[in-house]
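In the numbering used here, the protein residues as written are 2 to 260.
We put the CB at the ideal spot given by N, CA and C, even for glycine.
Written out below as structure tokens is the structure these notes cover.
Right under this line is the structure:
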């Protein structure tokens, strides 16, 4: 575009002006100026329009590239009534789409003490409260801890299935469920009983170390033994901290309700 302007301008600019004999000095100056203006004005206007279009296109292109993309994450929909309707064939979650990812991160209890668990989850939790308390007490666990594990594992969705094949409220793997004698992993009572029993075994195996037991529940016993501690996986460290935050939440809520 600049080359075009220079080409047009150069044709209009003649450094040597010849004065015809019949022209006086004033006419000569006016005539020369008119010839220059006749070319400069259209060429300048053309150049301004070209630059305007160029910068506008560039600006619009950048704005389009920076348009934010909001991921739509589906949330499992269920009610208390659905807990009594145990479907034998649950929907399978896509890879990398574990149920816990659909829950808001648990804020630290020191930062936020107001309830943050969605109302629909609290309703399901209340419906399952008797089962959780019974199984937890039978195996010597704190019911608040069991509630925290369920919330982190499945978001209280009894039909949840992870990309790795873990199923139900406490996300039991098929082999683990069989070894625990779980008949129906999608029955909340069976799943909670098996999950509580399994976690109690992990807690005893790691000498009552809650963090190691949680890490083993998430990443597997072999990984914890291999690394002699919590495996160096970001997902496992995040899981352990999340359950601990949930645990503190449920304990604080239990204290406030009993006060």
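Nearest C-alpha to residue 129 among 237, 235, 152: 152. Here the segment 169-185 makes no contact with the segment 222-242; the two share fewer than three CB pairs at distances below 8 Å.
In the three-state reduction of the DSSP assignment, residue 142 falls in the coil class.
Rounded to the nearest angstrom, the gap between the Cα atoms of residue 131 and residue 144 is 10 Å. Separation of residue 195 and residue 141 (C-alpha to C-alpha, rounded to the nearest whole angstrom) is 14 Å. Out of 219, 251, 255, the CA that lies nearest to the CA of residue 163 is found in 219. Assignment of alpha helix (DSSP H) within the segment 177-252, counting only whole runs of 4 or more residues, yields 189-206, 211-220, 222-228 in chain order.
Put simply, the backbone Cα of residue 191 is about 16 Å away from that of residue 126. In the DSSP secondary-structure assignment, residue 173 is bridged to 168.
Cα atoms of residue 237 and residue 216: separation of roughly 6 Å, rounded to the nearest angstrom. The C-alpha of residue 209 lies about 23 Å from the C-alpha of residue 255.
Under the three-state reduction of DSSP, residue 162 is assigned to strand. Assignment of residue 119 by DSSP, reduced to helix, strand and coil, places it in the coil class. Just measuring C-alpha positions, the residue of 242, 148, 244, 203 sitting nearest residue 224 is 203. By the Cβ-count criterion, residue 155 is buried, with 16 or more other Cβ atoms from all chains shown falling within 10 Å of its own Cβ. From the listed residues 157, 185, 189, 121, the smallest Cα separation to residue 135 is found for 189. Inclusion of residue 251 and residue 148 in the CB contact set at 8 Å is warranted, their separation being smaller than that value. Pairing residue 179 with residue 206, the inter-Cα distance amounts to about 20 Å.
Apart from sequence neighbours up to five positions away, the residues of its chain that approach residue 168 with a beta-carbon distance below 6 Å are 162, 186, ordered along the chain.
In the same chain as residue 240, and ignoring 5 residues on each side of it, the C-beta atoms closer than 6 Å to its own belong to 219, in chain order.
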